[in-house]
Amino acid sequence: MKVLAIIGSPRKKGNTWKVVEKVKAHLLAMNPDIDFETLFVSECNIQICTGCFTCFSRGKEKCLLKDDRDMIEAKMLEADGIIVAAPTYAMGVPAVMKNLIDRVAYTCHRPFLFGKAVLLVSTVGGFMGLKETLNQLTMLVSGCTSIKKVGVPCPPVSMPGFEKRAEKNIRKASNAFLKDMSNPGLKAPGLGDWAWFASFKSFTDYKSYQKFAPADYEYYKDKEFFYPIREYPFSRFSGKIMKSLMKFSMRFMIKE
221 MKVLAIIGSP RKKGNTWKVV EKVKAHLLAM NPDIDFETLF VSECNIQICT GCFTCFSRGK
281 EKCLLKDDRD MIEAKMLEAD GIIVAAPTYA MGVPAVMKNL IDRVAYTCHR PFLFGKAVLL
341 VSTVGGFMGL KETLNQLTML VSGCTSIKKV GVPCPPVSMP GFEKRAEKNI RKASNAFLKD
401 MSNPGLKAPG LGDWAWFASF KSFTDYKSYQ KFAPADYEYY KDKEFFYPIR EYPFSRFSGK
461 IMKSLMKFSM RFMIKE
């Protein structure tokens with residue numbers, strides 16, 4: 221079993237790293253055979269996104285920036301579980317992590333981490349912003365099967381009550397993350413999943429969108445859903461209804 225921890229902090233061994241190390245210790249105590257790798261985004265070559273939209277429209281392969289983005293994606297695909305961790309800076313992720321999120325933003329159109337278990341980790345020097353940061357981190361793991369989250373306040377003065385609660389939450393999140401990794405598989409799509417898929421599938425039926433975003437068209441054209449779902453007949457039926465509704469609504473949004 222392989223776990224990849226991606227730490228998006230300018231500080232290599234700050235509070236966020238310390239929390240990830242505690243998660244690592246809990247995981248290895250429960251399963252010593254876990255292969256645990258830590259990747260620091262600050263040590264990777266991730267160039268600044270220029271917002272040209274090429275990765276969305278024509279595909280990530282057409283991006284003019286050549287850096288470590290593909291290497292990070294490859295490591296994510298190799299892992300059974302992915303930990304994405306970042307501190308909270310001004311109610312959100314630091315610039316180093318935000319840039320990585322920008323560089324893989326096309327995965328919101330074309331998700332790829334199916335079957336992966338994810339644990340999101342954030343720390344904050346006070347008490348505000350954890351929810352916002354954890355929500356931002358979800359942008360890096362599009363398509364994953366399960367997401368667990370843990371936010372840890374790290375006040376500058378010792379507060380034993382908070383520290384005790386943090387240890388409990390870290391342990392609980394680690395246990396849940398390991399359980400998710402130990403039970404891999406693709407879940408039956410819910411209505412939210414179908415709405416996500418059906419919206420893009422319906423867009424790609426239009427010639428104007430196919431011309432604008434050929435990468436999306438190639439991704440969706442032969443798919444019933446993001447991944448095979450033949451063993452979920454009820455969900456497939458729900459999906460057909462959702463796709464019909466989405467197609468009908470698109471008639472009022474796009475004219476050719």
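In our numbering, each number is its position in the sequence shown, counted from 1, plus 220.
Don't be surprised by glycine CBs; every beta carbon is placed ideally from N, CA and C.
Outcome for residue i when other beta-carbon atoms lying within 10 angstroms are tallied against a minimum of 16
i, result
"Gly-412", "exposed"
"Cys-374", "buried"
"Pro-252", "exposed"
"Lys-369", "buried"
"Asp-255", "exposed"
"Ile-461", "exposed"
"Asp-442", "exposed"
"Arg-385", "exposed"
"Met-317", "buried"
"Met-296", "buried"
"Met-401", "buried"
7 Å Cβ cutoff met for residue i and residue j
i, j, result
"Arg-323", "Cys-264", "no"
"Ser-394", "Val-223", "no"
"Leu-466", "Ser-422", "One point to set straight first is that residue 466 is Met, not Leu, in the sequence displayed. It is a contact, given that the beta carbons lie within the stated cut-off."
"Leu-339", "Leu-354", "no"
"Pro-409", "Ser-455", "yes"
"Cys-200", "Tyr-326", "Because the chain in this structure spans residues 221 to 476, residue 200 falls outside the shown range and cannot be described."
"Tyr-440", "Thr-424", "yes"
"Val-304", "Ile-226", "yes"
"Thr-308", "Leu-350", "yes"
"Arg-278", "Ala-435", "yes"
Identity of the residue in the options nearest residue i by Cα
i, options, result
"Glu-476", "Phe-432, Asp-442, Asn-251", "Phe-432"
"Trp-414", "Met-359, Gly-363, Val-338", "Gly-363"
"Ala-306", "Gly-371, Ser-428, Ala-418, Phe-445", "Gly-371"
"Ile-449", "Glu-352, Ser-428, Phe-334", "Phe-334"
"Gly-234", "Glu-387, Met-250, Phe-260", "Phe-260"
"Glu-444", "Lys-392, Thr-236, Met-401, Phe-420", "Phe-420"
Through-space distance from residue j to residue i, alpha-carbon basis
i, j, result
"Ser-229", "Lys-282", "28 Å"
"Lys-280", "Pro-380", "47 Å"
"Ser-262", "Gln-356", "18 Å"
"Arg-471", "Tyr-426", "10 Å"
"His-246", "Pro-404", "20 Å"
"Lys-407", "Glu-451", "10 Å"
Cβ distance (whole Å) where residue i is taken to contact residue j below 8 Å
i, j, result
"Gly-336", "Thr-365", "Reading off the sequence shown, one finds Lys at residue 336, where the question assumed Gly. Rounded, the Cβ-Cβ distance is 6 Å, consistent with contact."
"Met-221", "Asp-290", "Not confirmed; about 24 Å, so no contact."
"Val-361", "Ile-302", "6 Å"
"Glu-352", "Gly-312", "6 Å"
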